[in-house]
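Enquirer: Counting in numbering that gives the first Met the number 0, the sequence shown runs from 0 upward without gaps. All C-beta atoms, glycine included, are put in the ideal place defined by N, C-alpha and C.
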Amino acid sequence: MRVDHIAIAVKNLEEALKNYQKILNVDHLEIEDVPNEKVKVAMLMLQDTRIELMEPTSPDSPISKFLQERGEGIHHIAITTDDIEKDVARASANGMKMLGGLRTGSYGRRITFIHPKSLHGVLTEFCEAPQENGKEE
Ligand code: ZN
Numbered sequence: 000m001r002v003d004h005i006a007i008a009v010k011n012l013e014e015a016l017k018n019y020q021k022i023l024n025v026d027h028l029e030i031e032d033v034p035n036e037k038v039k040v041a042m043l044m045l046q047d048t049r050i051e052l053m054e055p056t057s058p059d060s061p062i063s064k065f066l067q068e069r070g071e072g073i074h075h076i077a078i079t080t081d082d083i084e085k086d087v088a089r090a091s092a093n094g095m096k097m098l099g100g101l102r103t104g105s106y107g108r109r110i111t112f113i114h115p116k117s118l119h120g121v122l123t124e125f126c127e128a129p130q131e132n133g134k135e136e
């Protein structure tokens, strides 16, 4: 397992990108709409992980709610799993509170979330490991 990405909720994607690019040497950047989560995501590719800046695309996006309640900041940490079904089953069996079922996230990968109450205040995402020949690397 490794940290796949760290997601940060922002009000304005372009403004946030400008600031993150002041500190990160990013030569690879992708922007993607994720309609399932009602967000627009800028992915800043680092060596072993990436930072995702997320701007809500709709007032009923979960990210809009997050921004209203908590302001900008770290929204979740995502962990890559080789076998998402097995790891979700293990997490559930160990009493983790899952948020919804498996669904499709960025890159068409299957994802799910664990409630922050189960993990000391941090919303945590499980995401399927990228395919070896996928477009990601
Ligand atoms: Zn994520």
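Can you find the residues in the same chain that come closer than 6 Å, C-beta to C-beta, to I62, ignoring five residues on each side of it along the sequence?
Expert: On the sequence shown, position 63 is the one that residue 62 refers to. Excluding positions up to five away in sequence, the list reads A8, V38, M53 and P55.
Enquirer: If you measure from each residue's Cβ to the nearest non-hydrogen atom of the ligand ZN, which ones come out under 5 Å, in chain order?
Expert: Qualifying residues, in the order they occur: A6, A77 and E124.
Enquirer: Report yes or no: do three or more beta-carbon pairs, one from the stretch 21-29 and one from the stretch 76-85, lie closer than 8 Å?
Expert: Contact fails: fewer than three Cβ-Cβ distances are below 8 Å.
Enquirer: Pull up the distance between the alpha-carbon of E136 and that of A92, whole angstroms please.
Expert: By one-based count along the sequence shown, residue 136 stands at place 137. By one-based count along the sequence shown, residue 92 stands at place 93. Residue placement at E136 cannot be trusted, given a pLDDT of 45 that sits under 50; what the coordinates show is reported in the next sentence. Taking the straight line from one Cα to the other gives about 33 Å.
Enquirer: Count the other CB atoms, across all protein chains shown, that sit within 10 Å of the CB of H75; report buried if there are 16 or more and exposed otherwise.
Expert: As a first step, residue 75 must be located in the sequence shown, where it is residue number 76. Buried: at least 16 other Cβ atoms inside 10 Å.
Enquirer: Terminal residues of the continuous beta strand (DSSP E) containing V38?
Expert: The sequence position of residue 38 within the sequence shown is 39, counting from 1. Run containing V38: V38 to M44, per the beta strand (DSSP E) assignment.
Enquirer: Determine, using beta carbons only, whether K10 and E68 come nearer to each other than 8 Å.
Expert: Here residue 10 refers to the residue found at position 11 when the sequence shown is read from its first residue. Here residue 68 refers to the residue found at position 69 when the sequence shown is read from its first residue. Their beta carbons are not under 8 Å apart, which means K10 does not touch E68 by this criterion.
Enquirer: Return the CA-CA distance between E193 and V2, expressed in angstroms with no decimal places.
Expert: What is shown of the chain runs 0 to 136, which leaves residue 193 out entirely.
Enquirer: Tell me where the alpha helix (DSSP H) around V87 begins and ends.
Expert: For the purposes of this step, residue 87 is taken as residue 88 along the sequence shown, with counting starting at 1. Element bounds for V87: I83 to A92.
Enquirer: Which value, in whole angstroms, describes the spacing of the CA atoms of K185 and P58?
Expert: Any property of residue 185 remains undetermined from this structure, which presents the chain solely from 0 to 136.
Enquirer: How would you label I113, buried or exposed, when you count the other beta carbons within 10 angstroms and need 16 or more for buried?
Expert: Indexing the sequence shown from 1 puts residue 113 at position 114. Answer is buried; the Cβ neighbour count reaches 16.
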